[in-house]
Structure formats: structure tokens, C-alpha cells
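Heads up, the working numbering is the position in the sequence shown plus 294, with the first residue counted as 1.
For each residue, glycine too, the CB sits at the ideal point set by N, CA and C.
Predicted model, so just to flag it, every value in this text is computed and none were measured.
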Amino acid sequence: MKAYRLNQLSDITEGHILNEILPGKYISYGGLAFEKPGARAHTNDGPGGIDYHVHEDCEAFIILQGQGTVEINKQLFHPVRAGDVIIIEPGEDHHLTSGIEDPIVVLWCHAGPERNKNQL
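Have a look at this one:
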């Protein structure tokens, strides 16, 4: 896992906004999640319902609102808040937990060598 603040990103004139920290020429897919207070993402997502969630590529979380924690490989690793950019490395088991008092809104995305199929 790598952590940044939005204001650490350089002024981008070409490519995607995360191109210096998220490998891949194009943002290839992603979404916006409005998490419930205390919700833990990807709980029991693994094969056979085991508590395991990984990717073969990097994933970015951009915290747009609220606060919470990121759990990496079964350890509460990092508190997050609005303005944080978290890069999950390939193979890291990861879960984002939303704060109780200030639930999280997160933009998540992956980048790759091709544009999203909707842009072709």
C-alpha cells in the first residue's frame, strides 16, 4: 500500500490524473461508493466465502468525503480521510472500513493499457 494526499499529485496535462502513482496508460474501470457507517468492503468476497480480496493489478482509492481505515493483509494499517489517495499493490488483501460518525465516500479505479470498453 502507498498513501498520498491529493495536493501531492502533480499538475497533469497528459494522461490520467494518477498516472505517476497508478500504473497503466488509461483509467480502465472503477466506480463511486457511498459506504454505510461502519461498513467493511469486500467482506467474505473470496472463493467459498473466505474473507479475502486481491487483484492482479494496482487499485486506487480516492477518499472524497468522510473517514475510515484501510486494512491490508489482515492488519488495520492506515486511517484515511477526505483528500487521501491510497494505492493498493497487486496481491494485497484489502478492505476499506467506513467511519461510524463520518461515513466514507470513495472513488475507486484501476488503470491499464487500454481504454474502458465504453470509450472504444
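Check whether residue i and residue j have beta carbons under 8 angstroms apart
| i | j | result |
| --- | --- | --- |
| residue 390 | residue 379 | no |
| residue 342 | residue 404 | no |
| residue 336 | residue 349 | no |
| residue 357 | residue 398 | yes |
| residue 300 | residue 377 | yes |
Which residues DSSP lists as bridging residue i, in chain order
| i | result |
| --- | --- |
| residue 296 | 381 |
| residue 370 | 365 |
| residue 414 | BP columns for residue 414 are empty, so no partner. |
Residue range of the beta strand (DSSP E) that includes residue i
| i | result |
| --- | --- |
| residue 321 | 320 to 328 |
| residue 405 | 399 to 406 |
| residue 353 | 353 to 359 |
| residue 347 | No beta strand (DSSP E) holds residue 347; DSSP gives it neither H nor E. |
| residue 392 | 388 to 392 |
Residue i versus residue j - alpha carbon distance
| i | j | result |
| --- | --- | --- |
| residue 381 | residue 411 | 23 angstroms |
| residue 295 | residue 383 | 6 angstroms |
| residue 362 | residue 318 | 27 angstroms |
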